[in-house]
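The next block holds one structure in the form of structure tokens; read it before the comments.
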Amino acid sequence: GAVVSQHPSRVICKSGTSVKIECRSLDFQATTMFWYRQFPKQSLMLMATSNEGSKATYEQGVEKDKFLINHASLTLSTLTVTSAHPEDSSFYICSASRTGGMDQPQHFGDGTRLSIL
Amino acid sequence: AQSVTQLDSQVPVFEEAPVELRCNYSSSVSVYLFWYVQYPNQGLQLLLKYLSGSTLVESINGFEAEFNKSQTSFHLRKPSVHISDTAEYFCAVHFNKFYFGSGTKLNVKP
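Respectively, the protein sequence lines represent chains A and B. Residue 86 in this note's numbering is what sits at position 20 of the first sequence, and the numbering runs on without skipping anything. Residue 54 in this note's numbering is what sits at position 49 of the second sequence, and the numbering runs on without skipping anything.
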């Protein structure tokens, strides 16, 4: 149980394109979903926390107009990288939690490798 | 600010040998500590966690980690590794949000 599906697993696109990444909890309802970004040989960095039905909370330094997050249902959150540029190339990972509390584990997707040419 | 340091980016080890993956964190307040494992082409999975109580925590597949408050460490150990333990291991600290280390790739050789 507790499977999180992230799609697509890899995307390559031209500079200026907007890219949407989906994160779905397949067998549980996720009140809270998290979006991370990972640069090569570096830590996962939390970008934003989204709670179903409300606006996402962005971490300091993350442009909310650049990285649009929607969490319209208890099983789906999307991250849209708008007008992507080469510096946005990275590995993006989502995780989902039933409640977002410390006592509830985060279940991770397999990540999306984004490459902007 | 919180931070998590995993000094070893890669750890090669022979099968059935013991292994220790190091994790240190910087925090002046109480935190919760985690180890996650990522097998090739898969997402991160929770391996074990320390929230409170006994400082030694164990996973179902033979790993253990000990919380050492004075040294601000949470090293992961296994007395005898298997080929199937080959994966990347991430240490994480939770203080209001998760802070992850940069990961340690464990490569178990036959």
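We put the beta carbon where it would ideally sit given N, CA and C, even for glycine.
- Scanning B:W40, B:L49 and B:V16 for the CA closest to the CA of F174 (chain A) turns up B:L49.
- As far as DSSP is concerned, F105 (chain A) takes part in no beta bridge.
- For F157 (chain A), none of the residues of chain B pass the 7 Å Cβ criterion, the least Cβ distance being about 11 Å.
- Taking C-beta separations shorter than 6 Å and ignoring five residues to either side along the sequence, the partners of S8 (chain B) in its chain run S31, following chain order.
- H73 (chain A) is bridged by DSSP to A:E88.
- Proximity of F103 (chain B) to chain A, defined by a Cβ-Cβ separation below 8 Å, is satisfied.
- Within chain A, the residues placing a beta-carbon under 8 Å from that of S14 (chain B) are K107, ordered along the chain.
- Setting aside the 5 residues that flank it on each side, P23 (chain B) is surrounded in the same chain by R82, K83, P84, S85 and V86, each with a C-beta closer than 8 Å to its C-beta; the list follows chain order.
- Exclusion of the five residues before and after Q76 (chain B) leaves N29 as the residues of its chain whose Cβ lies within less than 8 Å of its Cβ.
- Rounded to the nearest angstrom, the gap between the Cα atoms of S149 (chain A) and C79 (chain A) is 11 Å.
- Cβ contact annotation for S84 (chain A) (same chain, cutoff 8 Å, sequence separation greater than five): T146, V147, T148, S149 and A150, in chain order.
- Contact annotation: the region 91-101 of chain B touches the region 32-47 of chain B, with at least three C-beta pairs closer than 8 Å.
- Taking a beta-carbon distance threshold of 8 Å, G177 (chain A) counts as an interface residue toward chain B.
- E25 (chain B) carries a strand assignment under DSSP once its states are collapsed to helix, strand and coil.
- Against chain B, the beta carbon of L112 (chain A) has neighbours under 7 Å at K102 and F103, listed in chain order.
- Beyond the five residues adjoining it in sequence on each side, P152 (chain A) comes within less than 8 Å, by CB distance, of S81, I182 and L183 in the same chain, given in chain order.
- One Cα belongs to D154 (chain A), the other to V128 (chain A), and the distance between them is close to 12 Å.
- Sequence-distant partners of L53 (chain B) (beyond 5 residues in either direction) whose C-beta falls short of 7 Å from its own C-beta, in its chain, are W40, V62, E63, S64, F68 and A70.
- Counting along the chain, no beta strand (DSSP E) covers P45 (chain B), and no H or E run does either.
- By the Cβ rule, the region 84-95 of chain A does not count as touching the region 103-112 of chain A, because fewer than three pairs are nearer than 8 Å.
- Nearest neighbour of S107 (chain B) by Cα position, chosen from A:Q104, A:T98, A:F94 and A:V69, turns out to be A:Q104.
- Non-local C-beta neighbours of F100 (chain A) in its own chain, meaning closer than 7 Å and more than five positions away in sequence, comprise L112, T115, C160, S161 and Q172, ordered along the chain.
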